[in-house]
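Please read the structure below before turning to the comments.
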Amino acid sequence: MSITQQTFDQMIATLQKTLQINTIKSEAKQGMPFGEGNAVCLKYVLDLCKEMGFETQNFDNYAGHADYGDGDEVFGVLGHLDVVPVNPTGWVADPFGGEIKDGVLYGRGVLDNKGPMIACLYAIKQLKDEGFKPSKKIRIIFGCDEESGWKCMDYYASKIKMPDEGFSPDGDFPVINVEKGLVHFEINAGKLPEGVVVYGGARPNIVLDECHAVLPDGKEIVEYGKASHGSLPECGINAGWKMFEKLNELYPQNQAITFANTKVCGDYNGRNIGIGWSDDVSGKLTLNLGFVKTVDGCLILGLDVRYPVTFDLQQVIDQIKSQMPQEATLQVFGAHAPLYVPAESNLVQTLLKVFGEQTGTKDPQPIAVGGATYARRLPVGVAFGPVFDSDEKLIHETNERASLDHLRKMMNIYYEAIKALTK
């Protein structure tokens, strides 16, 4: 059986409502650790889950979950409601409008990650409505800080045991069983020339698409690029690279600018700074310059590194420090160890089977990526969709969108997968 038209229509209507709630992380308020938008969205979703007949729990607006079924063993579906910031330039629809144009739904979060999570929720609802009795408890978990450090999952895991196994619908199909190690950090590269100010970007995990520099005479330089997910920097165009190349021509003696231009910029795999590593399991390391700012006359670089599973965080940090100017400093503000679930595991094999049956793909194989998902928080967890191999890469980008056909196909896959893994 597949998703009914009624269930699909309900899912789309709910998704549009969640897309209309701005869940970019904002200033914390009393009882709202990630800002008002995330708290409002979480309440809306959990209230809806309760109306569906699920048992719900809100963990102080850090995260929440809904349960269906009984049993000591818990199968988890983990995702998030928060979204990355939006540069409104270039959008053909309101990024928080939930608008459908020519059969395509636009909005920040339609793929990352509200769309897949609402699709999974309604897939579970249809199973419940059909009288399906799972062999274990199905728990769908909604986080609110995935894009900014995972404090939601830290808090959630401190309050309740994580599910025994499951998936996060926050990656690619057919199945991601390998996720590279991840580290976010700032480098204070040292003093800029007197009167020079450089700034641009907001997050390390988004390719810097607009960079500004103000020179001592008041002249402003602006460079533009193309945003992309920080795990796929080669899919974007980094405006910071353009900026530091230009500034290095103007100020060839400045160590901070020279370091940024010659060591940080110019290669998405980190070869210029000596971390151009790879392995057979997970592929090449990636390095992304996500933001730059000027603090007390010093150049601050915000970086995202995704490193292969056979390397470790300390190797990355030690090598980068060895290439930094003497007065430069490095501060880590987020890190996740790699994920690896063997391809022959029941979880991976079941998901591959469902994907193959639903798409007609012959002999689908698991893949390795640089993205980081909540699957890392499970004893046995993988990422499963929502992006198909043939899709344009739109996560974290301008005009994030998904066709209704895509959403229906994705939802059918999630329905069959959850059923197969909990029957």
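Going by this note's numbering, the first residue of the sequence shown is number 63, and it counts up by one from there.
Built from N, CA and C at the ideal position, the CB exists for glycine as well.
Note that the structure is a prediction, hence the values are computed from the model and not measured.
C-alpha of G93 to C-alpha of N250: approximately 34 Å in a straight line. In the DSSP annotation of this structure, the continuous segment of the beta strand (DSSP E) that includes I429 starts and ends at 429–431.
One thing to note: L375 has its Cβ no nearer than 7 Å to the Cβ of V326. A straight-line Cα-Cα distance of about 36 Å links Q68 and K213. Distance from the CA atom of Q385 to the CA atom of L347, rounded to whole angstroms, is 17 Å.
Under the 10 Å beta carbon count, Q427 is surrounded by fewer than 16 other beta carbons and is classified as exposed. As summarised for the stretch 97–135, the continuous beta strand (DSSP E) elements at least 3 residues long and confined to that stretch are 117–121, 125–130, given in chain order.
Its chain contains K198, K199 as the residues whose beta carbon lies nearer than 6 Å to that of G133, once the 5 sequence neighbours on both sides are disregarded; these appear in chain order.
Note on geometry: alpha-carbon atoms of V139 and A464 lie some 21 Å from one another. In the same chain as E117, and ignoring 5 residues on each side of it, the C-beta atoms closer than 6 Å to its own belong to D129, in chain order. Cβ-Cβ distances below 8 Å link K79 to Y106, G160 in the same chain, with the five nearest sequence neighbours on each side left out; the list follows chain order. Minimum Cα-Cα distance from E241 among the listed residues T151, Q317, H398 corresponds to H398. Within the same chain, Cβ atoms closer than 8 Å to the Cβ of P157 are found at V148, P150, Y168, G169, R170, E462, the five residues on either side in sequence being excluded. Excluding sequence positions up to five before and after N310, its CB lies within less than 7 Å of the CB of I319, T320, N323, all in the same chain and listed in chain order.
For R368, the enclosing beta strand (DSSP E) covers residues 360–369.
Nearest C-alpha to L414 among S340, T85, Y476, P441: Y476. Scanning A155, P231, A301, C206 for the CA closest to the CA of M179 turns up P231. By the criterion of a C-beta distance shorter than 6 Å, H274 is surrounded in its chain by Y261, G262, V284, once the five residues flanking it on both sides are discounted.
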